[in-house]
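So the protein lines, in turn, are chains W and U.
Heads up: the first sequence is residues 1 to 145, going by my numbering.
Heads up: the second sequence is residues 1001 to 1649, going by my numbering.
No residue lacks a Cβ here, since even glycine has one placed at the ideal position from N, Cα and C.
Heads up, the thing below is written out as structure tokens.
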Amino acid sequence: MKSNLEPKIVAFCCNWCSYAGADAAGTSRLQMKPYFRIIRAMCSSRIDPEMILDTFKKGAWGVLVAGCHPGDCHYVTGNYRTQNRILLLKNLLEELGIAPQRVRLEWISANEGGKFQKVVNEFIDEMAELGPLNLSTERKVKEAS
Amino acid sequence: MKIGVYVCHCGGNISEVVDIKKVTSFAEKQGDVAIVRDNAHMCSDVGRNLVLEDIKEHNLDRIVVAACSPQFHGKTFMDIVEKAGLSPYVFEMANIREQCSWPHFDEPDLATRKARDLVNVSIAKVKLDESLERKTMPIGKRVLVIGAGIAGIQAALDLGDAGFEVHLVEKEPTIGGKMAQLSRTFPTEDCAACILSPKMADVPSNPNITLYTNSQVEKISGFLGNFEVTIHKKPTYVNENCVACGICEEKCPVKVPNEFEQGLTKRRAIYVPFEFAVPYRYLIDEDICIYLKDGKCGNCQKVCPHDAVDFTQKPEKIEIKVDTIIVATGYDIFDATEKKVYGFGTNKNVITSLEMERMIVHEAEGRATREIGKRIAFIQCVGSRDEQIGNEYCSRICCMYATKLSQLLKRGDPKKDVYVFYTDLRAFGKGFEEYYKRAQRTGVKFVRGRVAEVNEDSKTGKVILKVEDTLARQIIESEFDLVVLSVGMTPGAGTKQAADVLRMTRSPGGFLQEAHPKFKPVDTLNDGVFICGCAQGPKDIPDTVAQASAAAARAIRLMNKGVYAVEPITAVVDEDLCSGCATCVSVCPYDAVKTELKDDKRVAKVNEILCQGCGSCSAACPSGASQQHWFMNNQLRAMVGAALGEEEE
Ligand code: FES
């Protein structure tokens, strides 16, 4: 871990699949690192890139967006929109010199408690490695690499 | 503004990990928070009344409950808030059980901090909640039931009897499903056909049921109270004049294995599925009929005295509208050829349990189709509890049907040697354990052990099994005349198709997922769509029938009042900000947004009935004009801020 600070992760989860998947992880007592906070929306497609940027501005190290598997969105096509938007956002982050892996998109269904656990723990580790988002250092890292 | 915050201990589920005191004293310090309380069980009567009384007595106008998942008790508390005279939407739930005490029980300090943050998130949001009102919508009394096995039949009859308009769709040419193929049912040994056929006959005589056989649901759009269904009906090439006299069948030159009889007998290209089929009418198998293939033959049409054969029939598309849907698409038996070691398909003396069912029926009727032999072995858990082939689940019926078949065999000839090789013997249902004991007393040998090898004696054709008896700790090598594979259940092709058409979630084994395993076992996450029988998971006939009646009752519950409540969490457009760009129109999956001219300005307008509240348009709106009630931009941002420990402004 690059700093002693604790990672701050915000996870936007859709109500129908991923939020239920997170609940399933909890119900099965799957242990996760307690550094993420879930925000529920009805569909992953409610979350727009600007909101994610704002989340970074407010201090998040990483943002997870989780929705239903392709074809399973409760609102038919919502998650395809999400996918496109996240792709665009990742390009934008590159441009801004922010590591694009700070935004992660995952499809997690209501019964995939195990997957939720794995994704969250992995993402937290990865963000701990990157450290807090600091535009100036982030750019330097990028240039150096 | 006066906020009440209630923290639940959940009988220790939360309080054993989270330091409740720290959470309540944190909440007390937040602005606008008037009352903070904690309780052992917020969802109990005492807990609910606490909220109710406080709202009345202290004029609270916002409520936060920190407890379990809102998917579990969200509605409970919204109803209480509404009962107290407030909008049910000035309420937030902080999930400090599933998402705090349970997944973080290893780290109570951090869990407590997270609980505080989650309460903070809810407070931040509740402050910005609007007083939305639940709307009611009219709903009719029309139900689509997909699948007409015993589950679909039971649901359809219950609904029909209750006066609801039922559309029952079955992909096979007859109703009855798998139960129609069984010999007898465990543990009572009733004849399956005898108890099923009267129910089947009740379907066409029920004035409220419209039956579509040889039909499949091709497309479903819309939502609760307004489903639009397209049914594809395949032609049978035989019209209603048919009286099933059978003259045509005698003249048909094509013979194929009879699927209902598991290939033990043959049928013609024109045939009746079985003797108590409903509708009881001939049909032509278009895949093998010579006339349909190359215009030759046509014998059946020539000899039919009733002018019933009609080669001009075409597939039909039928459009109907329904208010609710019940999915009863059942199961398929596991394809035993997938389990190569047992030699099914290559060794003719290795058969499936369903073949055995049919053989016993034939034998009982004095028209045996093949020799059963003296020594018979059952191999249990074929296609169930087998991670190698990817089916982890127990099929729940095989232990008992093998026991039943062993009894029927013994009854026919007590001198038969019957062995059942099992992994575990599960006799969990009412009367099952007694039945199993009885079977043991009749001399059936139940041996715990997985079968390692199945070989064929090339001279005699007998099957040699090598089994490790794990109780006696010895290897058994023995010869049998017939080996019966107790095949498990797999989600049927019909179940997969229904899941696709309705975009339903499936559980790990591939069966359809219920909304809640304990309290909503026949509901799904799709409003107005219910499931029952083996489409939901393996089960026996009594459980299937119970679920079917439950699904019917749940559907009636929604439709009976004639109106149902809809959530007002639809999209809303700020016309001043709207530039009329119509981006929202293009992303809406429901055609719920249109642009219209207002004071010479093009603006977007949301149809609140069509809008299902996904919020996709709000995310797409470039000018921030489109928003979603209860998930407004400022609310989401405030939640993010609180989640990240941002101080209040
Ligand atoms: S509802 Fe889960 S992604 Fe749309």
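Original post:
Considering only residues of the same chain and omitting the five flanking positions on each side of E1126/U, which have a CB-CB separation below 8 Å?
Top reply: Inspection of the sequence shows that residue 1126/U is occupied by Val rather than by Glu. Contacts found: I1003, R1062, I1063, V1064, V1090, F1091 and E1092.
Original post:
Relative to the ligand HEM, is the shortest distance from any of its heavy atoms to the C-beta of H74/W smaller than 6 Å?
Top reply: No copy of the ligand HEM appears in this structure; the ligands present are the ligand FES.
Original post:
Can you tell which of K1520/U, A1535/U, L1482/U and H1306/U has the C-alpha that lies nearest to the C-alpha of A1498/U?
Top reply: A1535/U
Original post:
Distance, Cα to Cα, R1426/U vs T1403/U?
Top reply: If you take the alpha carbons of R1426/U and T1403/U, they lie about 11 Å apart.
**OP:** Quick one: grab the DSSP three-state call for N121/W.
**Re:** helix
Subject >> Buried or exposed (CB count within 10 angstroms, at least 16 for buried), Q1388/U >> reply: Classification of Q1388/U: exposed, given that the 10 Å Cβ count is below 16.
Original post:
Is there contact here, the stretch 1143 to 1156 of chain U with the stretch 1119 to 1134 of chain U, by at least three beta-carbon pairs under 8 Å?
Top reply: no
Original post:
So with Cβ pairs under 7 Å, would you call D1030/U a contact of chain W?
Top reply: A small correction: the amino acid at residue 1030/U is Gln; Asp does not occupy that position in the sequence shown. No, its Cβ sits nowhere closer than 7 Å to a Cβ of chain W.
**OP:** Could you list the residues in the stretch 91 to 123 of chain W with a C-beta less than 8 Å from some C-beta on chain U, going in chain order?
**Re:** Within the stretch 91 to 123 of chain W, the qualifying residues are S109, A110, N111 and Q117.
Original post:
Counting only beta-carbon atoms, is M127/W nearer than 7 Å to chain U?
Top reply: no
Original post:
Pick from E1259/U, V1309/U, I1220/U and K1520/U: whose alpha carbon is nearest that of E1240/U?
Top reply: V1309/U
**OP:** Give the single residue among V1166/U, F1072/U, N1120/U and L1086/U whose Cα lies nearest to the Cα of M1559/U.
**Re:** V1166/U
Original post:
Comparing the C-beta of A1638/U with each C-beta of chain W, is any distance below 7 Å?
Top reply: no
**OP:** Label E106/W either buried or exposed according to how many other C-beta atoms from any shown protein chain fall within 10 Å of its C-beta, with 16 as the threshold for buried.
**Re:** With 16 or more Cβ atoms within 10 Å of its Cβ, E106/W is classed as buried.
Original post:
Where DSSP assigns a beta bridge to G67/W, which residues make up the other side?
Top reply: W107/W
Subject >> Coil, strand or helix - M1042/U by DSSP >> reply: coil
**OP:** Using 6 Å as the cut-off, classify the Cβ of W16/W as near or not near the heavy atoms of the ligand FES, replying yes or no.
**Re:** yes
Original post:
Can you find a CB in chain W that lies within less than 7 Å of the CB of F1091/U?
Top reply: no
**OP:** With a cut-off of 8 Å on the beta carbons, I'd call P1103/U and M32/W a contact; round off their distance for me.
**Re:** Rounded, the Cβ-Cβ distance is 5 Å, consistent with contact.
Subject >> Any chain W beta carbon closer than 7 Å to T1329/U >> reply: Under the Cβ criterion of 7 Å, T1329/U is not counted among the residues facing chain W.
Subject >> Residue range of the unbroken alpha helix (DSSP H) whose run includes T1112/U >> reply: P1108 to K1127
Original post:
Can the beta-carbon of V1119/U be found less than 7 Å from the beta-carbon of A1027/U?
Top reply: yes
Original post:
Does any CB atom of chain U fall closer than 7 Å to the CB of W61/W?
Top reply: no
Original post:
When the Cα atoms are used, what is the spatial distance from E1648/U to T82/W?
Top reply: Note that E1648/U scores 48 on pLDDT, short of 50, meaning its location in the model is unreliable and no value can be drawn from it.
**OP:** Could you tell me if C17/W is buried or exposed, where buried requires 16 or more neighbouring beta carbons within 10 angstroms of its beta carbon?
**Re:** buried
**OP:** Could you tell me whether the Cβ of Q1612/U comes closer than 7 Å to any Cβ of chain W?
**Re:** yes
Subject >> Simplified DSSP state of E1218/U, which is helix, strand or coil >> reply: strand
**OP:** Give, in chain order, every residue of the stretch 1102 to 1134 of chain U whose Cβ lies closer than 8 Å to some Cβ of chain W.
**Re:** W1102, P1103, H1104, F1105, D1106, E1107, L1110, A1111, R1113, K1114, D1117, L1118 and V1121
Original post:
Using a C-beta cutoff of 7 Å, does Q1099/U count as contacting chain W?
Top reply: yes
Original post:
Can we count S44/W as close to the ligand FES, meaning its CB is less than 6 Å from some heavy atom?
Top reply: yes
**OP:** Anything in chain U within Cβ reach of Q31/W, meaning under 8 Å, just list it in chain order.
**Re:** P1103, H1104, F1105 and D1106
**OP:** Tell me, please, which residues DSSP counts as bridged to T77/W.
**Re:** According to DSSP, which records beta bridges pairwise, T77/W is partnered with nothing at all.
Subject >> Three-way DSSP call (helix, strand, coil) for K1314/U in this model >> reply: coil
Original post:
Got a sec: is the Cβ-Cβ distance from T1505/U to anything in chain W below 7 Å?
Top reply: Output row for T1505/U: interface = yes.
Subject >> Best match in S1406/U, S1579/U, T1329/U and P1538/U for proximity to D1600/U [C-alpha to C-alpha] >> reply: S1579/U
**OP:** For the stretch 1046 to 1087 of chain U, list the alpha helix (DSSP H) runs that are entirely contained and at least 4 residues long, ordered along the chain.
**Re:** Complete alpha helix (DSSP H) runs here, min 4: 1070 to 1083.
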